[in-house]
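J.:
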Amino acid sequence: MTQKNKPKQKPENKNQQNQREKKQFGKFKQGQQPLRQFEKNLKIKARKGTDAWKSKYKTIQRFLNHYARQTKSMKTRKVYLRTISRYTKHLDIEPDQLTQQTKEAIEQQLEDYRDQLLIEEKSRRYINSEIKRIESFYRTNNKDIEIDKLHIPTRYRKKQEYIPTKHEVHQIADAANSNRDRTIILSLWSSGLRINTLLALNIKDIQQELKQDHEVIKLPVYPEMKQRLEGACKGKIPYYSFICKQATKALKTYLNERKTKYGELKPEHPLFHSEWNQYENRNQERVTRSSISRKIKKAAKHAEIDKHQHISPHTLRKAFKSQLRTETETGEILDRGTQEFFMGHVLPGSEDPYYDKTKTKYHRKQYKKIDFTTTPPTEEKDKIIEPKKLQKHLNKGWKYIEKINENQIIIRKKQ
85 MTQKNKPKQK
95 PENKNQQNQR
105 EKKQFGKFKQ
115 GQQPLRQFEK
125 NLKIKARKGT
135 DAWKSKYKTI
145 QRFLNHYARQ
155 TKSMKTRKVY
165 LRTISRYTKH
175 LDIEPDQLTQ
185 QTKEAIEQQL
195 EDYRDQLLIE
205 EKSRRYINSE
215 IKRIESFYRT
225 NNKDIEIDKL
235 HIPTRYRKKQ
245 EYIPTKHEVH
255 QIADAANSNR
265 DRTIILSLWS
275 SGLRINTLLA
285 LNIKDIQQEL
295 KQDHEVIKLP
305 VYPEMKQRLE
315 GACKGKIPYY
325 SFICKQATKA
335 LKTYLNERKT
345 KYGELKPEHP
355 LFHSEWNQYE
365 NRNQERVTRS
375 SISRKIKKAA
385 KHAEIDKHQH
395 ISPHTLRKAF
405 KSQLRTETET
415 GEILDRGTQE
425 FFMGHVLPGS
435 EDPYYDKTKT
445 KYHRKQYKKI
455 DFTTTPPTEE
465 KDKIIEPKKL
475 QKHLNKGWKY
485 IEKINENQII
495 IRKKQ
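Residue numbers for the sequence shown follow my numbering, beginning at 85 and rising by one.
1) Would DSSP call L165 helix, strand or coil?
2) For Y164, count the other beta carbons within 10 Å of its own beta carbon; 16 or more makes it buried, fewer makes it exposed. Which is it?
3) Measure the alpha-carbon distance for H357 versus I268 and round it to whole angstroms.
4) If you scan the region 312 to 395 from start to end, which runs of the alpha helix (DSSP H) of 4 or more residues do you find wholly inside it?
5) Under three-state DSSP, which class holds P304?
6) Tell me the rounded alpha-carbon separation between I203 and I211.
7) Is A331 near L313, with beta carbons less than 8 Å apart?
8) Going along the chain, which residues of its own chain have a beta-carbon closer than 8 Å to the beta-carbon of Q108, five neighbours each way excluded?
9) Output yes or no for whether 8 Å exceeds the beta carbon distance between P351 and N286.
10) Pull up the CB-CB distance for L349 and S271, whole angstroms please, since I reckon it's below 8 Å.
11) Just to confirm, is the Cβ distance from K385 to H392 under 8 Å?
12) What did DSSP end up calling K90 once you bin it into helix, strand or coil?
13) Comparing alpha-carbon positions, which option in Y324, L355, C328 and S325 lies nearest L339?
14) Taking DSSP as the reference, what is the three-state secondary structure of I454?
15) Would DSSP call N479 helix, strand or coil?
16) At 4 residues or longer, and completely inside the region 131 to 186: list those alpha helix (DSSP H) runs for me, N to C.
17) What do you reckon, are the CB atoms on L126 and S157 nearer than 8 Å?
18) Taking 7 Å as the limit between beta carbons, can you name the residues of its chain near S274, skipping five residues before and five after?
19) Within the same chain, show all residues whose beta-carbon is closer than 8 Å to that of L474, passing over the 5 residues directly before and after it, in chain order.
20) Quick check: the Cα distance between K453 and T249, rounded to an integer number of angstroms?
21) Only counting the same chain, and skipping five residues up and downstream in sequence, which positions put a Cβ closer than 8 Å to that of N280?
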């Protein structure tokens with residue numbers, strides 16, 4: 085067929101173009117992705133370069149300038165911008181129009197928005213947070229407003245959580261699809277690190293620990309990690325934690341398998357890589373938070389945990405906190421300062437400046453006292469005996485339950 089007679093290709097429609105872009109997405113490097121929808125709505129020019137975080141809207145630019153002075157956190161910036169984008173979409177107006185109304189009109193619109201979110205059954209904490217962010221936007225644009233917030237009852241929580249027991253965590257880890265997922269689950273639980281913090285770690289962060297062949301590996305947390313992942317070092321508070329023996333063993337196995345499969349592990353490579361097959365070099369790509377959250381729920385379901393849908397990376401952090409507060413293998417409980425340090429918390433008042441955070445040997449020794457080994461839950465066994473044999477069984481640890489008749493008694497013992 086000649087070039088002249090060759091049939092012309094039909095131009096792609098919008099749907100075909102979107103599908104093609106989705107297929108090509110795996111070839112992009114993380115950080116080179118196109119602008120997100122909320123950024124387009126607010127006319128943000130770019131995330132990097134000379135036009136980084138500059139908006140064509142004056143009110144948005146003033147808002148961005150304010151938070152650039154107050155905080156360098158990219159996560160905070162993103163959360164606030166998403167809120168403003170949702171609010172402008174709700175009102176169907178441009179951001180610059182938000183401040184061109186009277187104070188009374190603004191407050192009425194904001195109250196209506198608050199009530200609409202309540203009708204949509206959003207969490208009360210979520211609604212209050214949304215309102216506070218919008219109020220902040222108005223304040224930076226010289227509109228001082230304040231709306232009554234919703235009352236939050238004590239221990240209020242809309243989103244259900246389930247904190248797994250030590251035995252259940254091991255069950256979940258064993259039910260994971262890959263050794264990488266098993267290592268992440270054990271590491272999240274036994275270190276108490278936030279999910280973004282764990283995923284922001286690079287190979288170089290643990291190289292020295294691996295060379296020294298420690299039983300429990302130290303995981304450092306430092307502000308520079310925020311350049312890799314938003315929220316990787318909350319409050320820019322540096323500290324460190326450890327992972328248990330089981331997690332350390334799983335980590336070494338995982339890294340050996342990964343090296344065999346994908347080649348040399350360089351210091352700048354992420355500690356936990358992405359397994360998405362659309363990436364050209366998965367060894368260099370960092371696994372995402374959403375992916376791991378799904379993996380944990382899936383593993384919990386396979387482990388037949390009743391409340392598997394309520395288990396998340398954050399509930400594993402809470403399970404670690406519970407472990408810190410239980411008796412150690414030596415029968416003692418870690419002092420409160422050490423507990424708070426392992427959680428990455430700042431001690432109250434003047435306690436924090438006087439707490440020595442540099443004693444790695446001491447903290448490693450304290451951490452090793454925590455019992456991360458698993459034991460199956462105890463089962464109770466019932467038995468029917470004659471009344472004359474009751475005392476003999478009580479001496480052996482059995483417990484009286486009830487009398488059936490003159491000749492039979494039910495007793496129980498933990499197995």
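Glycine residues also receive a C-beta, built at the ideal position from the N, C-alpha and C atoms.
T.: With the structure as the only source:
1) What you label residue 165 is simply residue 81 of the sequence shown in a count that begins at 1. Correct three-state label for L165: helix.
2) Numbered from its first residue, the sequence shown carries residue 164 at position 80. Result: buried.
3) Counting from one through the sequence shown, the residue named residue 357 turns up at place 273. Counting from one through the sequence shown, the residue named residue 268 turns up at place 184. So the two alpha carbons sit approximately 11 Å from each other.
4) 329 to 346 and 373 to 386
5) The residue given as residue 304 occupies position 220 in the sequence shown. Strand.
6) As a working note, residue 203 is residue 119 in the sequence shown. As a working note, residue 211 is residue 127 in the sequence shown. Cα-Cα distance, rounded: 11 Å.
7) By one-based count along the sequence shown, residue 331 stands at place 247. By one-based count along the sequence shown, residue 313 stands at place 229. Their beta carbons are not under 8 Å apart, which means A331 does not touch L313 by this criterion.
8) Here residue 108 corresponds to residue number 24 of the sequence shown, with the count starting at 1. Interpretation of Q108 is limited by its pLDDT of 42, a score under 50 that renders its predicted location unreliable; no figure is taken from the coordinates.
9) As a first step, residue 351 must be located in the sequence shown, where it is residue number 267. As a first step, residue 286 must be located in the sequence shown, where it is residue number 202. Yes. Within cutoff.
10) Taking the sequence shown and counting its residues from 1, the one referred to as residue 349 is at position 265. Taking the sequence shown and counting its residues from 1, the one referred to as residue 271 is at position 187. Wrong, their Cβ atoms sit about 17 Å apart, outside the cutoff.
11) Here the question's residue 385 lines up with position 301 in the sequence shown. Here the question's residue 392 lines up with position 308 in the sequence shown. Cβ distance < 8 Å, so K385 and H392 count as in contact.
12) In the sequence shown, residue 90 corresponds to position 6, counting from 1. Its pLDDT being 47, under 50, K90 is placed unreliably in this model, and the coordinates cannot settle the point.
13) Counted from its first residue, the sequence shown places residue 339 at position 255. When only C-alpha atoms are compared, the closest one is L355.
14) Stepping through the sequence shown from its first residue, residue 454 is reached at position 370. Under the three-state reduction of DSSP, I454 is assigned to coil, being neither helix nor strand.
15) To locate residue 479, count along the sequence shown from 1; it is residue 395. Helix.
16) 142 to 154 and 158 to 175
17) Reading the sequence shown from its first residue, position 42 is the one you call residue 126. Reading the sequence shown from its first residue, position 73 is the one you call residue 157. Cβ distance not < 8 Å, so L126 and S157 don't count as in contact.
18) As a position in the sequence shown, residue 274 is number 190, starting the count at 1. Taking C-beta separations shorter than 7 Å and ignoring five residues to either side along the sequence, the partners of S274 in its chain run I327, C328, A331, F404 and F456, following chain order.
19) Here the question's residue 474 lines up with position 390 in the sequence shown. Closer than 8 Å at the Cβ level, and outside the excluded window around L474, lie Y484, I493 and I495.
20) Position 369 of the sequence shown holds residue 453. Position 165 of the sequence shown holds residue 249. Approximately 18 Å, taken between the alpha carbons.
21) On the sequence shown, residue 280 is found 196 positions in, with the first residue counted as 1. Closer than 8 Å at Cβ, skipping near neighbours: L313, E314, G315, A316 and R373.
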